[in-house]
Amino acid sequence: MKHLPHNRRGHPVNLAVVDMQGSQWNLVYTIGRKGHPKPVLSAGWLDFVKVKCLRSGDHIMFKVEPNALYTIGVKRRIRLLGAEVWTAVF
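Residue 1 is where the sequence shown starts when you use the working numbering, and the numbers rise one by one after that.
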């Protein structure tokens, strides 16, 4: 959370991210006004989830880039030769 753009609680912030194929996604995140300060992705997030076929349990990673963009990646746990391993989804 410390690497996300500054956000006053309750105020939406635009977050431009680029996936591993180079497609840009414009997401919006907010931090709730009360309770634990967890970021919540809203606008644009459901489209990303549907297009990328994300599942419960997938790990989402954001990498900070020097040009004010973030790279977004997804890892998924799979079974390979009887062992569980994490692999990049895209």
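The C-beta atom is built at its ideal place from N, Cα and C for all residues, glycine as well.
Keep in mind the model is a prediction, meaning the values are calculated, not measured.
- Taking the Cα positions, residue 27 is about 7 angstroms away from residue 41.
- The three-state secondary structure of residue 89, taken from DSSP, is coil.
- Residue burial is scored here from C-beta neighbours: residue 78 has fewer than 16 other C-beta atoms within 10 angstroms and is therefore classed as exposed.
- Judged by DSSP secondary structure, residue 52 falls outside any beta strand (DSSP E); it is assigned neither H nor E.
- Taking the C-beta atoms as reference points, residue 72 is found no nearer than 7 angstroms to residue 13.
- Secondary structure note for residue 43: it is in no beta strand (DSSP E), with a DSSP letter that is neither H nor E.
- Taken atom to atom, the span from the alpha-carbon of residue 54 to that of residue 67 is near 27 angstroms.
- Taking every protein chain shown into account, the CB of residue 63 has fewer than 16 other CB atoms within 10 angstroms, so this residue is exposed.
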